[in-house]
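Read through the structure below, which is laid out as structure tokens, and then see the notes.
Residue numbers (full-length UniProt numbering): 1 to 49.
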């Protein structure tokens, strides 16, 4: 399982929050990835779990 993280300025409190999205491959095909959020945001990081 991989966990992608991105930071975003959260309104109306005006502070930075970290949002995490977990991707779990249930069929064993690790090269099939949902890329909408990867392409939408410039800054992200990957954490191995």
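We put the CB at the ideal spot given by N, CA and C, even for glycine.
State the start and end residues of the unbroken alpha helix (DSSP H) segment that holds residue i.
{"i": "residue 36", "result": "36 to 40"}
For residue i and residue j, I'd like the C-alpha separation in whole angstroms.
{"i": "residue 38", "j": "residue 11", "result": "22 Å"}
{"i": "residue 30", "j": "residue 22", "result": "13 Å"}
{"i": "residue 43", "j": "residue 33", "result": "18 Å"}
{"i": "residue 17", "j": "residue 24", "result": "23 Å"}
{"i": "residue 64", "j": "residue 36", "result": "With the chain covering 1 to 49 only, the question about residue 64 has no answer from this structure."}
Compute the distance between the beta-carbons of residue i and residue j, then report whether it is under 9 Å.
{"i": "residue 6", "j": "residue 19", "result": "yes"}
{"i": "residue 13", "j": "residue 41", "result": "no"}
Within the continuous beta strand (DSSP E) that includes residue i, where are the two ends?
{"i": "residue 44", "result": "Residue 44 -> no beta strand (DSSP E), and no H or E assigned at all."}
{"i": "residue 23", "result": "15 to 23"}
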